[in-house]
Ligand code: PNS
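Numbering (the working numbering), first residue to last: 1 to 158.
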């Protein structure tokens, strides 16, 4: 069975993430969406909240499971018996950092392969931090995140 891990902060999941999830799930038998507990950022949503939102918007995709991890991503991937890491690429600006991480992960575990999925151009401007900023300032986040979680995000800032 071909499995892959799609790691991230998902604080919160956006339509851009969901697009990458749907397309990756079509390429692998199993896609593990892995919420990072220690990404160095202070998250707005707890790990439980982030996992719950991802589960609700991916429940219709049978080969997607949602999990969380702490520590090195390559160790987590190995513990799940996969050597494939999925990353979404929005624009050239993402490339340098992602390239650095992909090489570091390969240095840490030479068998690891990072597969980059180009985000649909509709979502190339979209990020979780922008969603949080718009929501916190009372703007509409319709079309930026899945409809099912709009209220969760808006309620955070009420
Ligand atoms: O959604 P993000 O915040 O861009 O995700 C970044 C993430 C969680 C994928 C990255 O920080 C990560 O892989 N963290 C795990 C720690 C690790 O393995 N670091 C070494 C690789 S450079």
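The beta carbon of each residue, even a glycine, is placed where N, CA and C say it ideally should be.
Given the structure is predicted, the values throughout are model-derived calculations rather than measurements.
Does residue i come out as helix, strand or coil in the three-state DSSP assignment?
i           : result
residue 157 : coil
residue 114 : strand
residue 22  : helix
residue 89  : strand
residue 123 : helix
Between which two residues does the alpha helix (DSSP H) containing residue i stretch?
i          : result
residue 77 : 73-79
residue 32 : From DSSP, residue 32 is part of no alpha helix (DSSP H) but of the beta strand (DSSP E) over 30-36.
residue 51 : 47-58
Which residues mark the beginning and the end of the beta strand (DSSP E) in which residue i is found?
i          : result
residue 67 : 64-69
residue 5  : 3-8
What residues in its chain sit with their C-beta under 8 Å from that of residue i, if we drop five residues either side in the sequence?
i          : result
residue 55 : 66
residue 4  : 24, 27, 28, 30, 31, 32, 82, 84, 85, 86, 115
For residue i, which residues does DSSP report across the bridge?
i           : result
residue 131 : Answer is none; residue 131 lacks a bridge partner.
residue 142 : 145
Suppose the cutoff is 6 Å on Cβ atoms and the five residues either side in sequence are ignored; what does the same chain contact list for residue i look like?
i          : result
residue 90 : 119, 124
With a threshold of 7 Å on Cβ separation, who are the neighbours of residue i within its own chain once the five nearest residues in sequence on each side are excluded?
i           : result
residue 64  : 21, 25, 31, 33, 58
residue 77  : 5, 83, 85, 112
residue 132 : 44
Open item on the list: Would the segment 5-19 count as touching the segment 33-51 if we require 3 or more Cβ pairs under 8 Å?
Closed with: yes
Open item on the list: Does the segment 19-37 come into contact with the segment 64-82, if we say contact requires no fewer than three beta-carbon pairs (one atom in each stretch) closer than 8 Å?
Closed with: yes
Open item on the list: Three Cβ pairs or more, each shorter than 8 Å: is that satisfied between the segment 118-138 and the segment 15-28?
Closed with: yes
- [ ] Count the CB pairs spanning the segment 93-101 and the segment 26-35 that are closer than 8 Å, and state whether there are at least three.
- [x] no
Task: At least three beta-carbon pairs within less than 8 Å, the segment 77-97 to the segment 108-115 - done: yes
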